[in-house]
Structure formats: structure tokens, C-alpha cells
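Numbering (the working numbering), first residue to last: 3 to 602. See structure below.
Below is the structure:
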């Protein structure tokens, strides 16, 4: 009896072990099948060949955690000093001696940057919902690529330090600074030595010749070793918990590109502030970057990523596998210009998707002016635009050429490789992109534009010898009135030809720079600023009967001081003769139909 019982127990034990191992091997087999189907291939050399080792594969489960580094946040909140918490800072009279020389070569207040800590604290300006939002526990590793050419040393190091300090250490594999043949001494061995001593996750690679922004990014991508590539500009600052919101959508679908919200680091004071709370990237038919309003469903979920037709430029995250499947950037694009359109079109048309992540914020210095000399390669931006149009835009390319006819005479170079990529990936036509992704773009930026409300000189009736004159000035500069050049034999004395466009903005004819008033006070100056649509600071209307140029939704009238030749806006006064202007050529039909034409 005891022998039979032992035999029975032995049989039960063997059967149980057999069942356990059968289930275990089945689960291993299914996991291998899942990995085979969902493996992320890293690097251009692995496209379509073999999956990498298991430790290099992104495997997503649904567990989410709070990624905030509360210790770092607490330490940052205690910091005091110049520029801390992103507050505006100013140079003292004694410190101003270096201001001009450094400003000239950088286009921002580099002397002030040197007075601000490399690891300064920035304000948490995210939507409150972002502070409690959780993200996937298992996220892929990251290589951050920062191309630079003669970047000022403290803004470059602040970029790297902010990434290192505000990224989970096990996710941040490396930061690669790509030196595009800089001539500043710090950019060579001193930079390498500083990184080795202070920022060990950061390394610099030095290109042997000037390659331009696009090819420098490609060089950085080729040197990267992580599963995700993140591209940043060289004068940026990563904000609190910036990384998980970029990574989660890519972990869920590797054919996804995610862009952070880009905040403003003011070029004069280094104040850190929001640019806005989101808009969808777009373009007009001259390839100027524009923005479209958020959709109703996006507004209902202010902390969720939303789809965007076009990225703003150099700040985005993308899986290494997908980047190289798309061929990376088109290496035929020269220096800079058009690369954000080329990559955006490829992503959408070739099976991917692109999002902006409201809970990921990165500050960026928008220079007052570009300090770099012309590279002497002719109209390289125009060639780039034509190259993008010829490969990706199909019949819609004609609308670009309508506005820039000379592009048709530019040689775009060999397009064979790019067309092969489009064929291999069976990418959708541009019409699909316009109808499904950028479906509302034609409403704001129609391929065939309505006519203008008026064009020509703007002559003051109280002082008929004076006309509005932009004086060949650039953005952020105040304009005035000057003797009308139509009364002079010398037509080069001023710039007095303006267009009141169907956008309801007033721009220098032939340029994309508009008359702008940002000061709400009386007698506010009129400045020039890149045209961005008629709302707010750039809204103008011409009242034919009163001969007024009305500015803004709560209108003030264009006015001048003939003696000082000053131009400004102030409260409208029907008895003021200096507020009356003769607009040279007015389209009365368009003016009469004002409310039904242009941007609403």
C-alpha cells in the first residue's frame, strides 16, 4: 500500500513538473514571437535585418509610475541668485563693458549668460495636470543630439547640464554635442576637458569641416547608441520631467515623433517664460513656418499629446529605428532650411505620426539676429525648398512656385535616393496629407490667395509731405514717417510701399514682415515683426470714409507727430487730422466685403 502511494505521489510530481515546464516554454515561445514582431532595431546598419539583443529591445507593459525627481525639484526651489527660477536678470553698469562685443557675435546677451549658473533652476510652468500625470514604467533609452557652431560656451553647457540634471539617469544614455567646425577656442580641447571633469554623460564630436546644421544632426545620429534620438538646439534648457512625456508615445508605437512645447528664454534678460499653451505646426505657401489652432478635442485634454502636421524645427524625439527607416534627414539638403518640412512630410506620408507633448517643455533662446556670415553657397534655402517640394509635394509644389518662381530655376540635385525611399515605404501622396492631416491649413493659408485690400504708399493728410516709412529696418525696430519718396527723384531714400493683405495685416510689400504694436498704452510705437496672422498685434483695417488705419480688436488709430516724425497708435479722434491717411490703391470691393474675407 505504501509503495503504491509513493508511486502515485511520484506520478503526480512528474506530471506537475511537466505541466509547469510546458506552460513556461509556451510563454517563452510567445514572448519570443512578440519580440520578433515588436523589436526595435537600433542604427542604420540594422534596418530590416536582425533584431538586437534582448536588453536593447523596447518591451512595453502598461504599468505607469510617477517619474518626477522630487529631490531635484526641492533643491531647485531653494536656489537663489541671478537668473534663478527663470527670473529676468540685468547687467550692472560695471558689467556692461563686455556686452557689445559678446552680443555682436552671439545675437543675445552672452555677457549676462556668463553671470548665471550653468545649472540654474527654471520655473515649472506646465499645466497643473502634468504635475500628477504618470507614464509607463518601462521607457526606452535616449541619446540627446545637440549640434552647434560657435555657440557661446555658457549657453551650450547650460543646455547639456539641464538635460543631465532633469533626466532619469538610467534613461539618458548620452548627450552628444556635435561641433560643426567651430572656431571658438573653447569648442575644442577645453570643451572636452570640461565635459570629462563635470558632465561625464556628455561628449563632443568634432567635424573636420563645416557641414551645416542638417548634416551635423545626421553625424550626431550616426554616433548615437540609444533606442531614441532627441534633437535639441544648442541654447536650450530642459524643464522639469521633460523626458517621459516625449518617450511614452514612441514606446507605444515606434513610428511616432514627439515634440516638446518650446518656451522662450528672452535673449536680453534670460527670463524663462511660456511662448503659448500650444498650437499645431503648419506652413504657408512660401514655406514660412506658421501655426494652426488646437482642435476642440485637443482643448478638452490639455495634458495629452496632440497631433501636429509640421514640427517647428530642431526639437523633437524619434525612435532610432524609424529615423533610419525614413532615411534620416535628406543629406542633399544644404546648411539649413526645409529640413523640418522634409522630415514632417516623410513621417506622416510614410506611415508615421507626429505629436506635440504639452507636459514636456524646453526653453529656447530666440536670437535677436543671426550672427553667422553668409556661407557663400547662393540660395541654398531655395534649393532645399525645391528639393522637398519635388520629392514630397506632388501637384501642390506649384503653389510654392507661384510665389517663388525663381525656385524653378534652381538645381535641386540628384533626387533618386529620396524618390526610392518614397517608393520603398509606399508613402501616401501629398494630397492625402493635406486632406487628412493639415485639413484646415487651406482655410488660413489658401494655396490660391484672395486679393489684397490695398497697396501702395500711406500718406498723412495733415502733413502730406510725410509717408509711413519702414526704412529698410528689420524685426523689433521702431518705424516712423519720412518725406514721401514718390515726391523725390531719388527712389532709394526710403521703403514706403505697403500691402494691406487679405490676412488683415499690414506688411512691407514683397516681404513677410508686418507693422506690429504690442504696447497697450497710448501713443505706442509701431514696430516691425515677422508676420504671424492678423490677430492681436498685427490686425489692421482701413476705414475708407474716415481715412483711418485702425489697429487691434479694441481699435486705436494710426497717428503721427509731424515735427518729430514719430509714428504711433492712440485712441481714435474724429477731429484729429494726423490720424487721417491716404492709402494709394484701395480695393473698394474687398473693403466692402471685409468681414467675409481673411482669417476669422
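Where is the CB? At the ideal position from N, CA and C, for every residue including glycine.
Consult DSSP for residue 595 and reduce its assignment to one of helix, strand or coil. coil
Selection from 71, 111, 320 that minimises the alpha carbon distance to residue 172: 71
Same chain, Cβ closer than 6 Å to residue 356, five either side skipped, listed in chain order: Cβ neighbours of residue 356 within its own chain (closer than 6 Å, five residues either side excluded): 259, 310, 349.
I'd like to check one pair, residue 178 with residue 232: are the Cβ atoms closer than 8 Å? no
Backbone CA spacing between residue 109 and residue 237 [nearest angstrom]: 12 Å
Use the C-beta contact count for residue 597: other C-beta atoms within 10 angstroms, 16 or more gives buried, fewer gives exposed. Residue 597 is exposed by the Cβ-count criterion.
Can you list, in chain order, the residues of its chain whose CB lies under 7 Å from that of residue 584, leaving out five sequence neighbours each side? 461, 463, 549
Identify whether residue 281 lies in helix, strand or coil by the three-state DSSP scheme. coil
Let me know the alpha helix (DSSP H) ranges lying completely inside the stretch 331-408, each 4 residues or longer, listed in chain order. Here the runs fully enclosed are 341-351, 382-394, 399-405.
Could you check if residue 2 is buried or exposed, using at least 16 other CB atoms within 10 Å of its CB as the buried criterion? Lying before the first or after the last residue shown, residue 2 is absent from the chain, which here runs from 3 to 602.
Taking one C-beta from the stretch 101-119 and one from the stretch 207-226 each time, how about it: are there three or more such pairs within less than 8 Å? no
For residue 40, count neighbouring Cβ atoms within 10 angstroms of its own Cβ and tell me buried if that reaches 16, exposed if not. With a pLDDT of 40 at residue 40, under the threshold of 50, the modelled position of that residue is not reliable, and the figure given next carries that caveat. By the neighbour-count rule (16 or more Cβ atoms within 10 Å), residue 40 is not buried but exposed.
Neighbour-count burial assignment, residue 211, 16 or more Cβ in a 10 Å radius: When all chains shown are included, residue 211 counts as exposed.
Suppose contacts are defined by Cβ-Cβ distances below 8 Å. Is residue 483 in contact with residue 567 by that definition? yes
Hey, out of 151, 99, 250, 290, whose CA is closest to residue 66's CA? Restricting attention to 151, 99, 250, 290, the CA atom closest to the CA of residue 66 is found in 250.
Threshold first: 3 residues or longer. Then list the beta strand (DSSP E) segments lying entirely within the stretch 509-558, N to C. 515-518, 529-532, 542-545, 550-553
Just to confirm, is the Cβ distance from residue 190 to residue 208 under 8 Å? yes
Touch check for the stretch 464-472 and the stretch 493-510: three-plus C-beta pairs under 8 Å? yes
Give every residue of the same chain whose Cβ lies closer than 8 Å to the Cβ of residue 507, excluding the five residues on either side of it in the sequence, and list them in chain order. 516, 517, 533, 535, 536, 540, 541, 542
Measure the alpha-carbon distance for residue 248 versus residue 140 and round it to whole angstroms. Approximately 13 Å, taken between the alpha carbons.
Length of the line joining the Cα atoms of residue 582 and residue 359: 47 Å
With a cut-off of 8 Å on the beta carbons, I'd call residue 480 and residue 418 a contact; round off their distance for me. Contact flag wrong, Cβ pair sits at about 50 Å.
Just the Cα atoms here: how many angstroms apart are residue 452 and residue 586? 19 Å
In whole angstroms, what is the alpha-carbon distance linking residue 369 and residue 318? 20 Å
Status (buried if at least 16 other CB within 10 Å, exposed otherwise) for residue 34: No answer about residue 34 holds up, because its pLDDT of 42 lies below 50 and its placement is not dependable.
For residue 351 and residue 434, the rounded distance between their alpha carbons: 8 Å
With 16 other Cβ atoms within 10 Å as the buried cut-off, status of residue 77: exposed
Answer yes or no: do residue 267 and residue 329 have a C-beta to C-beta separation smaller than 8 Å? Cβ distance not < 8 Å, so residue 267 and residue 329 don't count as in contact.
Cutting at 8 Å between CB atoms, please list the residues of its own chain near residue 269, excluding the five before and the five after it. 109, 110, 111, 367, 368, 369, 370
Taking 6 Å as the limit between beta carbons, can you name the residues of its chain near residue 86, skipping five residues before and five after? Around residue 86: 122, 123.
What does the alpha-carbon distance come out to for the pair residue 192 and residue 230? Straight-line measurement puts the Cα of residue 230 at about 29 Å from the Cα of residue 192.
May I have the straight-line CA-CA distance separating residue 161 from residue 465, to the nearest angstrom? Their Cα atoms are separated by approximately 52 Å.
Please tell me whether residue 387 and residue 339 are closer than 8 Å, where the distance is taken between their beta carbons. Yes, the pair counts as a contact, with Cβ atoms nearer than the cut-off.
Residue 607 in three-state terms, based on DSSP: Because the chain here runs from 3 to 602, residue 607 falls outside it and cannot be looked at.
What residue ranges within the stretch 250-314 form continuous alpha helix (DSSP H) runs of no fewer than 4 residues, ordered along the chain? Runs found: 298-301.
DSSP three-state call for residue 577: helix, strand or coil? coil
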